[in-house]
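Student: Protein chains in written order, with the numbering used here: chain A, 365 to 476; chain B, 7 to 116.
C-beta: ideal position from N, C-alpha, C; glycine also.
Input: one structure, supplied below.
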């Protein structure tokens, strides 16, 4: 069974520090990976996606992909209290008809 | 730009009552559409997806059904709700690789 695993947290990080969120996946055929942010009571919103090994940066966010080790991470630099949310990781396989396999999410708390 | 609407935003229904949730997408044509459910404190469970009018694929056996009567309209229904149907129902559409979500409907079955 194809799975995406995330530590449920909560992960507590001081304001201004780097928050590191991790995700592992079981399907070696997965090609694209997505990070979504979900505030309490709201719907998920896309932060960024990555499909090549290495790093991809977008503002304060950096996604990292290591296909050999089957893990994806999201780094948030200069963490702000507004970054406090649940972060969902998802993978998409080559033959999945664009369906996503979702992790259960990691709750991140940024402490002022 | 594309916009996705869902209604109602919240709903409280008794056990055994019917359900109809609607999702519409603006600004795109023939999108892939998805229905998800998120139980409290849990991840996203894919319920149905559709690649076109009248084309529905079901991921989980349950007392829910879905229909796509128009290109940009996706409806989730039930004839008789169960307590276990409570949750946050999310509609999403796909653009290239990623999925984008509507605001969701919070359903409480009492």
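Let me check one thing: in DSSP terms, what residues is residue 456 (chain A) bridge-paired to?
Tutor: The partner list for residue 456 (chain A) (beta bridge, DSSP) reads A:396 and A:464.
Student: To the nearest angstrom, report how far apart residue 381 (chain A) and residue 81 (chain B) are at their CA atoms.
Tutor: The straight-line gap from Cα to Cα measures roughly 44 angstroms.
Student: What would DSSP say about residue 64 (chain B), mapped onto helix, strand or coil?
Tutor: Of the three classes helix, strand and coil, the one that applies to residue 64 (chain B) here is strand, per DSSP.
Student: Ordered along the chain, which non-local residues of its own chain (more than five positions away) have a Cβ less than 7 angstroms from that of residue 77 (chain B)?
Tutor: Cβ within range, chain order: 35, 36 and 59.
Student: Helix, strand or coil for residue 419 (chain A) per DSSP?
Tutor: Reduced to three states, the DSSP call for residue 419 (chain A) is strand.
Student: Would you tell me roughly how many angstroms separate the C-alpha atoms of residue 24 (chain B) and residue 95 (chain B), rounded to the nearest one?
Tutor: One C-alpha to the other measures close to 15 angstroms.
Student: List the residues of chain A that residue 52 (chain B) touches, going by C-beta distances under 7 angstroms, in chain order.
Tutor: In chain order: 463.
Student: Are the CB atoms of residue 407 (chain A) and residue 110 (chain B) nearer to each other than 8 angstroms?
Tutor: Yes, they are a contact pair.
Student: Does residue 89 (chain B) come out as helix, strand or coil in the three-state DSSP assignment?
Tutor: DSSP places residue 89 (chain B) in helix when its eight states are reduced to three.
Student: Have a look at residue 108 (chain B) and residue 11 (chain B) and give me their C-alpha separation to the nearest angstrom.
Tutor: Whole-angstrom Cα-Cα distance: 6 angstroms.
Student: I need the DSSP call for residue 390 (chain A), collapsed to helix, strand or coil.
Tutor: Coil at residue 390 (chain A), not helix or strand.
Student: For residue 43 (chain B), which residues of its own chain have a beta-carbon under 6 angstroms away from its beta-carbon, when the five flanking residues on both sides are left out?
Tutor: Cβ within range, chain order: 51, 53, 93 and 95.
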